[in-house]
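What follows is a short report on a single structure.
Numbering (full-length UniProt numbering), first residue to last: 1 to 580.
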């Protein structure tokens with residue numbers, strides 16, 4: 001905004017240019033006083049804002065003017081200032097952090113953060129070439145990284161270090177910036193207050209969602225679905241009972257944070273990060289407001305040394321009964337201590353990429369509050385019987401567990417298995433023969449809404465026996481890259497006509513031996529809307545029709561596959577196919 005102000009003064013396009021910064025908190029009166037002062041209007045004795053607005057409007061109505069409002073954090077009524085629509089030659093430019101306030105503007109321009117090179121050039125312009133000296137280069141780079149490409153922060157830090165040739169002073173400033181327990185350094189008080197103002201205006205239920213970012217490493221890109229799972233587990237999204245509802249609410253919160261420029265998109269799809277400097281501000285707020293809470297942020301690039309022996313006591317699971325999220329991603333652990341049974345409030349357990357973990361402790365059944373279990377890329381050989389009794393688990397992902405042959409074994413699982421499970425993802429399981437083995441309880445898997453199977457080469461029939469009868473809530477089914485699967489619903493079994501009453505979408509991809517979805521033409525698909533078929537050369541017959549699948553809107557397929565169907569099937573489904 002400063003650069004724009006200087007530029008328009010140079011080219012002399014306007015009679016008057018007003019630049020008002022509202023960093024320290026602004027009001028209509030502050031803007032009015034700044035305008036009247038520049039217009040050299042005596043305001044002594046004028047205390048009424050409406051009177052000031054009339055004076056401003058009368059002076060500016062026929063003038064060509066530009067009003068620059070910088071660092072705006074709340075909505076401003078321009079008419080109350082004295083700026084009206086009939087000022088045909090006037091223009092107003094706002095610099096907002098919150099895009100919600102921009103919805104009524106004629107034009108929106110997003111200002112990106114400075115690149116590393118531009119940030120360094122701005123810093124050098126103020127402090128000089130001292131940043132290129134060997135004993136200053138490293139600390140200068142560290143300071144710039146902390147500034148996160150924000151011009152205002154860079155300038156504040158640079159001006160405080162101008163003419164300072166002692167590297168110890170630079171290092172001390174950097175240390176102060178990093179310390180969450182200390183008050184913000186004097187140079188950054190204004191920026192901190194601005195961030196705090198945005199934070200204070202957030203609804204109470206969204207404040208902990210924002211501060212949660214402080215727990216992630218600096219510049220760390222977080223997958224948004226993972227973040228939402230953590231928010232739900234921490235009970236930040238209390239009104240959403242189901243995982244799907246929590247995801248919708250979580251996406252809305254993330255969108256709001258993006259609009260306020262508190263988060264930005266990462267390099268990987270679906271990932272987000274909080275600018276480093278804002279993360280520091282969040283840490284400071286957390287330390288100030290949550291002094292009695294039980295949290296620890298080890299704020300560094302990585303742990304290079306084993307904690308001291310006396311520190312291990314703090315890490316024992318038996319002292320963490322209030323823990324709700326446990327993420328052991330890629331930790332190379334070979335076993336889970338039996339003390340994990342103390343985590344009675346744990347809601348999310350991530351064990352992905354623990355490739356040396358070959359078994360789960362029997363006491364895992366004590367985790368009665370567990371909702372999400374992630375076993376991707378572990379060395380798990382078999383799922384213990386006790387796992388079937390985790391009645392609150394809503395989502396389970398099992399991937400690259402090379403020895404697993406079945407998910408639920410009726411021979412060892414006594415009673416209900418995964419009664420509340422909503423999402424089950426089975427990926428790259430080379431020995432998986434079946435999801436359910438033997439006879440299982442009639443209420444098992446009855447809440448399942450999403451089932452995904454990918455790269456399970458030994459699976460020949462997806463729903464053998466009476467398993468299909470259990471899936472009364474299944475809505476989305478994806479089967480992909482299963483090289484030997486022949487049937488979706490086993491032929492020859494007797495099933496109820498509406499065994500899949502809520503199934504809306506079915507995707508069958510790269511299944512070279514699949515020849516049947518369901519041989520029974522009387523089987524009904526009352527909710528099926530979308531069918532996707534890709535690279536299933538042996539699938540030549542579909543039992544769908546207007547009568548048994550009344551809501552079916554489209555069958556997405558290739559021209560080559562469609563051309564090989566018999567004429568009777570093509571005629572029956574001619575209005576539904578869509579070539580991809």
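Every residue gets a Cβ at the ideal spot worked out from N, C-alpha and C, and that includes glycine.
Subject >> Rounded C-alpha distance that separates residue 361 from residue 371 >> reply: The residue you call residue 361 lines up with position 361 of the chain shown. The residue you call residue 371 lines up with position 371 of the chain shown. A straight line joining the alpha-carbon of residue 361 with that of residue 371 spans about 18 Å.
**OP:** Kindly provide the ranges of any alpha helix (DSSP H) runs that are 4 or more residues long and lie completely inside the stretch 418-479, ordered along the chain.
**Re:** none
**OP:** Following the continuous alpha helix (DSSP H) through residue 561, name the residue where it begins and the one where it ends.
**Re:** Numbered from its first residue, the chain shown carries residue 561 at position 561. Residue 561 -> alpha helix (DSSP H) spans 559-563.
Original post:
Three or more C-beta pairs closer than 8 Å, one from the stretch 163-170 and one from the stretch 133-141: is that the case here?
Top reply: With a cut-off of 8 Å, the stretch 133-141 and the stretch 163-170 count as touching, because enough Cβ pairs lie within range.
Original post:
Which value, in whole angstroms, describes the spacing of the CA atoms of residue 76 and residue 272?
Top reply: As a first step, residue 76 is located in the chain shown; it is residue number 76 there, counting from the start. As a first step, residue 272 is located in the chain shown; it is residue number 272 there, counting from the start. Approximately 30 Å, taken between the alpha carbons.
Original post:
What does a CB cutoff of less than 8 Å around residue 221 pick up in its chain, not counting 5 residues either side in sequence?
Top reply: By one-based count along the chain shown, residue 221 stands at place 221. If we look at residue 221 and ignore the five residues flanking it on each side, its Cβ neighbours are 266, 267, 268, 271, 272 and 273.
Subject >> alpha helix (DSSP H) runs contained entirely in the stretch 207-238, provided each spans 4 or more residues >> reply: 207-211 and 224-233
Subject >> Buried/exposed call for residue 70, threshold 16 Cβ in 10 Å >> reply: For the purposes of this step, residue 70 is taken as residue 70 along the chain shown, with counting starting at 1. Buried, because 16 or more other Cβ atoms sit within 10 Å of the Cβ of residue 70.
Original post:
Can you give the beta carbon distance from residue 449 to residue 476, rounded, assuming they're within the 8 Å contact cut?
Top reply: As a position in the chain shown, residue 449 is number 449, starting the count at 1. As a position in the chain shown, residue 476 is number 476, starting the count at 1. About 7 Å separates the two Cβ atoms, so the contact holds.
Original post:
In or out: residue 29 buried (at least 16 other Cβ within 10 Å) or exposed?
Top reply: Along the chain shown, one-based indexing puts residue 29 at 29. Exposed, since its Cβ has fewer than 16 Cβ neighbours within 10 Å.
Subject >> Nonlocal neighbours in the same chain, by C-beta distance under 8 Å from residue 320, ignoring five residues either side >> reply: Numbered from 1 along the chain shown, position 320 holds the residue referred to as residue 320. Here the set comprises 342 and 343.
Original post:
What separation, rounded to the nearest whole angstrom, lies between the Cα atoms of residue 578 and residue 441?
Top reply: Mapped onto the chain shown, residue 578 falls at position 578. Mapped onto the chain shown, residue 441 falls at position 441. For the pair residue 578 and residue 441, the Cα-to-Cα distance works out to about 40 Å.
**OP:** Please say whether residue 399 and residue 428 have beta carbons closer to each other than 7 Å?
**Re:** Against the chain shown, residue 428 aligns to sequence position 428. Against the chain shown, residue 399 aligns to sequence position 399. At the C-beta level, residue 428 and residue 399 come within 7 Å of one another.
Original post:
If we ignore side chains and look at the alpha-carbon of each, how far apart do residue 323 and residue 335 end up?
Top reply: Locating residue 323 in the chain shown gives position 323, where the first residue counts as 1. Locating residue 335 in the chain shown gives position 335, where the first residue counts as 1. Near 19 Å, if we compare the C-alpha coordinates of residue 335 and residue 323.
**OP:** Specify, as a first and last residue, the run of the alpha helix (DSSP H) that residue 172 falls within.
**Re:** Residue mapping note: residue 172 aligns to position 172 of the chain shown, counting from 1. Element bounds for residue 172: 167-178.
Subject >> Backbone CA spacing between residue 78 and residue 95 [nearest angstrom] >> reply: As a working mapping, residue 78 is identified with position 78 in the chain shown. As a working mapping, residue 95 is identified with position 95 in the chain shown. Near 15 Å, if we compare the C-alpha coordinates of residue 95 and residue 78.
Subject >> Cβ neighbours of residue 368 in the same chain (closer than 8 Å, five flanking residues each side left out) >> reply: Reading the chain shown from its first residue, position 368 is the one you call residue 368. Within the same chain, residue 368 has close Cβ partners 344, 390, 391 and 392.
**OP:** For residue 556, name the three-state secondary structure that DSSP assigns.
**Re:** By one-based count along the chain shown, residue 556 stands at place 556. In the structure shown, residue 556 adopts extended strand secondary structure according to DSSP, grouped into three states.
**OP:** Could you say which of 189, 559, 229 and 460 lies nearest to residue 347 if we only look at CA atoms?
**Re:** Translated into the one-based positions of the chain shown, residue 347 becomes position 347. Among 189, 559, 229 and 460, the Cα nearest to that of residue 347 is on 229.
Original post:
Taking only beta-carbon atoms, is residue 452 less than 7 Å away from chain D?
Top reply: Judged by its chain identifiers, the structure shown contains no chain D, having just a single protein chain.
Original post:
Who are the Cβ neighbours of residue 27 in its own chain at under 6 Å, not counting the five residues just before and after it?
Top reply: Looking up residue 27 in the chain shown gives position 27. The answer is none, since no qualifying residue turns up.
Original post:
Quick one: Cα of residue 113 to Cα of residue 7, how far?
Top reply: The residue labelled residue 113 in the question sits at position 113 within the chain shown. The residue labelled residue 7 in the question sits at position 7 within the chain shown. About 20 Å.
**OP:** State the Cα-Cα distance for the pair residue 174 and residue 84, rounded to the nearest angstrom.
**Re:** Looking up residue 174 in the chain shown gives position 174. Looking up residue 84 in the chain shown gives position 84. Approximately 47 Å, taken between the alpha carbons.
**OP:** Enumerate in chain order the residues of its own chain whose CB-to-CB distance from residue 59 is below 7 Å, with the five nearest sequence positions on each side excluded.
**Re:** Numbered from its first residue, the chain shown carries residue 59 at position 59. So the qualifying residues of the chain are 39.
**OP:** Mind checking which residues open and close the alpha helix (DSSP H) that includes residue 551?
**Re:** In the chain shown, counting from the first residue as 1, residue 551 sits at position 551. Membership of residue 551 in any alpha helix (DSSP H) is not indicated, and neither H nor E is assigned to it by DSSP.
**OP:** Please report the residue range of the alpha helix (DSSP H) in which residue 2 lies.
**Re:** Here residue 2 refers to the residue found at position 2 when the chain shown is read from its first residue. Taken as a continuous stretch (DSSP letters only), the alpha helix (DSSP H) holding residue 2 covers 2-11.
Original post:
Buried or exposed: which applies to residue 329, given that a residue is buried once 16 or more other Cβ atoms fall within 10 Å of its Cβ?
Top reply: Within the chain shown, numbered from 1, the residue matching residue 329 stands at position 329. Label assigned to residue 329: exposed.
**OP:** In the DSSP assignment, find the unbroken alpha helix (DSSP H) run with residue 251 in it and report its ends.
**Re:** For the purposes of this step, residue 251 is taken as residue 251 along the chain shown, with counting starting at 1. Residues 243-259.
Original post:
Around the C-beta of residue 506, are 16 or more other C-beta atoms found within 10 angstroms, so that it is buried, or is it exposed?
Top reply: Looking up residue 506 in the chain shown gives position 506. When all chains shown are included, residue 506 counts as buried.
Original post:
For residue 80, which residues of its own chain have a beta-carbon under 7 Å away from its beta-carbon, when the five flanking residues on both sides are left out?
Top reply: Here residue 80 is taken as the residue at index 80 of the chain shown, counted from 1. Result list for residue 80: 28, 49 and 53, in chain order.
**OP:** Mark residue 159 as exposed unless 16 or more other C-beta atoms lie within 10 angstroms of its C-beta, in which case mark it buried.
**Re:** In the chain shown, counting from the first residue as 1, residue 159 sits at position 159. By the neighbour-count rule (16 or more Cβ atoms within 10 Å), residue 159 is not buried but exposed.
Original post:
What residues match up with residue 271 in a beta bridge as DSSP calls it?
Top reply: What you label residue 271 is simply residue 271 of the chain shown in a count that begins at 1. Bridge partners of residue 271: 223.
**OP:** Within its chain, find whatever has a CB closer than 6 Å to the CB of residue 508; leave out the 5 residues flanking it on each side and keep chain order.
**Re:** Here residue 508 is taken as the residue at index 508 of the chain shown, counted from 1. Short of 6 Å from the beta carbon of residue 508, and not among the five residues preceding or following it, lie these beta carbons of its own chain, in chain order: 479, 533 and 536.
**OP:** State yes or no: is the C-beta of residue 268 nearer than 6 Å to some heavy atom of the ligand MG?
**Re:** Although the ligand MG was asked about, the structure shown includes no ligands whatsoever.
Original post:
Would you report the Cα separation of residue 157 and residue 4, rounded to the nearest angstrom?
Top reply: Working through the chain shown from its first residue, we reach residue 157 at position 157. Working through the chain shown from its first residue, we reach residue 4 at position 4. Approximately 22 Å between the Cα atoms of the pair.
Original post:
Hey, out of 551, 253 and 332, whose CA is closest to residue 224's CA?
Top reply: As a first step, residue 224 is located in the chain shown; it is residue number 224 there, counting from the start. When only C-alpha atoms are compared, the closest one is 253.
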